[in-house]
Amino acid sequence: MTKNIFFLVFVCLCMICTACWDSRELDDLALITSLGIDKIKDQYVVTTQVVNPATIASQKGGGNQSPVVTYKTKGKSISEAMQKRTTLSDRENYTSQMKVLVIGENLAREGLKDILDYFSRSRGTEPIFYICIARGNTAENILEVMTPFTQNPADLIYASIKTQIKTKGAVMGSMMDDLISNLSNEGEEAKLTAIELIESKEKGEVEENVKKIAPETFLKISNIGVFHRDKLVGWLSEKESIGLNFILNKIEKTYIRIFCPGHSQKRIMLEVLHTKTSVKSKRQNSHPLIQIKVQTEININEVQCENLQIDNPQTIRTLNVLAQKEITRIIKSVIFAAQKKYKTDVLEFGRAVYRDDPDYWMENKEKWNQQLFGNIPSNIQSKVNVTFTGIINNSNLKKIKE
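For the sequence shown, the residue numbers in mature numbering (1 follows the signal peptide of the UniProt record, and there is no 0) are -19 to -1, 1 to 383.
Structural data, given as structure tokens:
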């Protein structure tokens, strides 16, 4: 009995001891919040932003010190460049708190295979950070900009993407797991959100940029970049990006404009609140037909029409029809862009065929993107329901004297 008790105590002690075998003190770690990767010729340029330890120790932000320190290192591989960063400080790289990965556009067009391989193998990196492409720029330039509200670009970019997802519907919150799934799943292609540097990068590097009422430089989260396999092939417009999110059932909220009935200049702004989209494939004349059904609930957000009787049920029916047509136009715009302009199935039509008609998919998947996808017909059914007209019904515009 004594031996059994001794053995159990010994096992428990071993478990307690081994649980901390890889523990590391905070003072030994460089907490990387954002990472930027570019490529110049045959060398990777890695920009790392590390939390400034002085700002952790001081609730006031470490006096006049920046909350982050930016390092730039080069190497023939990403891991080599990352290892070189440790020679610039006394702290070990720690990426489990990383919020954002920014990839330069040139590298994205060359391909993401090396980046995917590095992060798939990287121990200690949680794949829950947002990934975006520096549109028309380098990741280094993006991460060196000092911005209003927060001096840590990672916090700004992360929060901006979340806000855009919740309010506009023209971006996509893709993380590493999403990207790997897009590239490995049958009938899918990758898509990543763009980030742009507006105005002068040089002016954005100085502290005065964040002290002005109207900063001369700022970062903008804008639209979606589309890929064929692991290579960036182009950019969707705002309208096309919203259309893509409609198809993929990723709209949390967005806005659409329709013209006032019988008026070609004045508009009604509609707030899209709830959307449910289904995409199915069925055979028609031995080929797939993609059926897209979209159900949407909207609010009336702004009315420029002077004589529109919002409290009239017929008016609501008219607005429903106009909104349905506009949503259909938005969806058609991205279908055209994907099928004819970029020739890449970011719409995931192939995924629908794979799911609903596996025999056809197995016979034709090798020629899907190059020969079939561009000519696959689709049918869009949009149903809209106005659920709220605002705190007033009819506009007060007609009461205003000339």
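Glycine is no exception: its CB is placed at the ideal position from the N, C-alpha and C atoms. Just so you know, these numbers come straight off a predicted model, no measurement behind them.
Original post:
In three-state DSSP terms, what is Leu247?
Top reply: One point to set straight first is that residue 247 is Lys, not Leu, in the sequence displayed. The answer is coil: DSSP assigns Lys247 none of H, G, I, E or B.
**OP:** Could you tell me if Arg116 is buried or exposed, where buried requires 16 or more neighbouring beta carbons within 10 angstroms of its beta carbon?
**Re:** buried
Subject >> Unbroken alpha helix (DSSP H) run spanning Trp342, endpoints >> reply: Pro339 to Asn345
Subject >> Nearest-angstrom Cβ-Cβ length linking Tyr323 and Val334, presumed shorter than 8 Å >> reply: Rounded, the Cβ-Cβ distance is 19 Å, inconsistent with contact.
Original post:
Are there 16 or more other CB atoms within 10 angstroms of the CB of Gln305, so buried, or fewer, so exposed?
Top reply: buried
**OP:** From the DSSP output, in three-state form, read off Gln285 for me.
**Re:** Taken through DSSP and simplified to helix, strand or coil, Gln285 comes out as coil.
**OP:** Have a look at Gln352 and Ile18 and give me their C-alpha separation to the nearest angstrom.
**Re:** 34 Å
Subject >> Cross-strand partners of Thr235 (DSSP beta bridge) >> reply: Val253
Subject >> Gly206, buried or exposed, once every other Cβ within 10 Å from all chains shown has been counted against 16 >> reply: buried
**OP:** Please work out which residues of its chain come closer than 6 Å, Cβ to Cβ, to Leu10, disregarding the five sequence neighbours upstream and downstream, and give them in chain order.
**Re:** Arg72, Glu73 and Tyr75
Original post:
Are the stretch 253 to 272 and the stretch 161 to 179 touching, with three or more C-beta to C-beta distances below 8 Å?
Top reply: no
**OP:** State the start and end residues of the unbroken alpha helix (DSSP H) segment that holds Lys306.
**Re:** Its alpha helix (DSSP H) spans residues Pro294 to Phe317.
Original post:
Which residues mark the beginning and the end of the beta strand (DSSP E) in which Tyr111 is found?
Top reply: Tyr111 to Ala115
Original post:
Do Leu173 and Val126 have their C-beta atoms within less than 7 Å of each other?
Top reply: no
Original post:
In terms of DSSP beta bridges, what is Pro269 paired with?
Top reply: Looking at the DSSP assignment, Pro269 forms a beta bridge with Arg264.
Original post:
Which word fits Gly150, buried or exposed, when buried means at least 16 other C-beta atoms lie within 10 angstroms of its C-beta?
Top reply: With 16 or more other Cβ atoms within 10 Å, it is buried.
**OP:** Please work out which residues of its chain come closer than 8 Å, Cβ to Cβ, to Leu160, disregarding the five sequence neighbours upstream and downstream, and give them in chain order.
**Re:** Leu93, Leu97, Ile112, Ala171 and Leu173
Subject >> Closest residue to Pro48 among Leu328, Glu197 and Leu137 (Cα-Cα distance) >> reply: Leu137
Original post:
Relative to the alpha-carbon of Leu16, which residue among Lys22, Ser101, Arg90 and Glu121 has its alpha-carbon at the smallest distance?
Top reply: Glu121
**OP:** Return the chain-ordered list of same chain residues with a C-beta closer than 7 Å to the C-beta of Ser70, the five sequence neighbours on each side being excluded.
**Re:** Ala11
Original post:
For Asn163, which of Phe330, Gly56 and Gly105 has the nearest alpha-carbon?
Top reply: Comparing Cα-Cα distances from Asn163 to each of Phe330, Gly56 and Gly105, the minimum goes to Phe330.
Original post:
Within 10 angstroms of its Cβ, does Val187 collect 16 or more other Cβ (buried), or is it exposed?
Top reply: Its pLDDT being 48, under 50, Val187 is placed unreliably in this model, and the value from its coordinates should be taken loosely. Counting Cβ neighbours within 10 Å, Val187 comes out exposed, since fewer than 16 surround it.
Original post:
Are at least three pairs of beta-carbons, each pair with one atom in the stretch 233 to 243 and one in the stretch 286 to 296, less than 8 Å apart?
Top reply: As far as the Cβ criterion goes, the stretch 233 to 243 touches the stretch 286 to 296, which means the pair count is three or higher.
Original post:
For Gly85, which beta-bridge partners are listed by DSSP?
Top reply: According to DSSP, which records beta bridges pairwise, Gly85 is partnered with Ala115.
Subject >> Integer Cβ distance of Asp326 from Gly168, believed to fall under 8 Å >> reply: That pair is a contact at about 7 Å.
Subject >> Coarse secondary structure for Asn356, derived from DSSP in three states >> reply: helix
Original post:
Who are the near neighbours of Glu307 in its chain, counting only those whose CB is closer than 7 Å to its CB and skipping five residues on each side?
Top reply: Ile237 and Ile239
Subject >> Separation of Thr258 from Asp337, as counted between CA atoms >> reply: 16 Å
Subject >> Among Lys212, Leu217, Asp158 and Thr144, nearest to Ala175 - alpha-carbon criterion >> reply: Leu217
Original post:
Is Ser141 near Ile202, with beta carbons less than 7 Å apart?
Top reply: The Cβ atoms of Ser141 and Ile202 lie closer than 7 Å to each other.
Original post:
Per DSSP, Thr277 forms a beta bridge with which residues?
Top reply: Thr256 and Val365.
Original post:
Closest to Leu251 by CA distance: which of Lys346, Ile297 and Lys22 is it?
Top reply: Ile297
**OP:** Can you tell me the Cβ-Cβ gap for Ala135 and Gln30, rounded? I've got them flagged as a contact below 8 Å.
**Re:** 6 Å
**OP:** Give the secondary structure of Ser222 by DSSP, where H, G and I count as helix, E and B as strand, and everything else as coil.
**Re:** It is helical.
Original post:
Span of the alpha helix (DSSP H) holding Glu121?
Top reply: Ala120 to Leu124
**OP:** Taking all protein chains shown into account, decide if Ser245 is buried (16 or more other Cβ within 10 angstroms of its Cβ) or exposed.
**Re:** exposed
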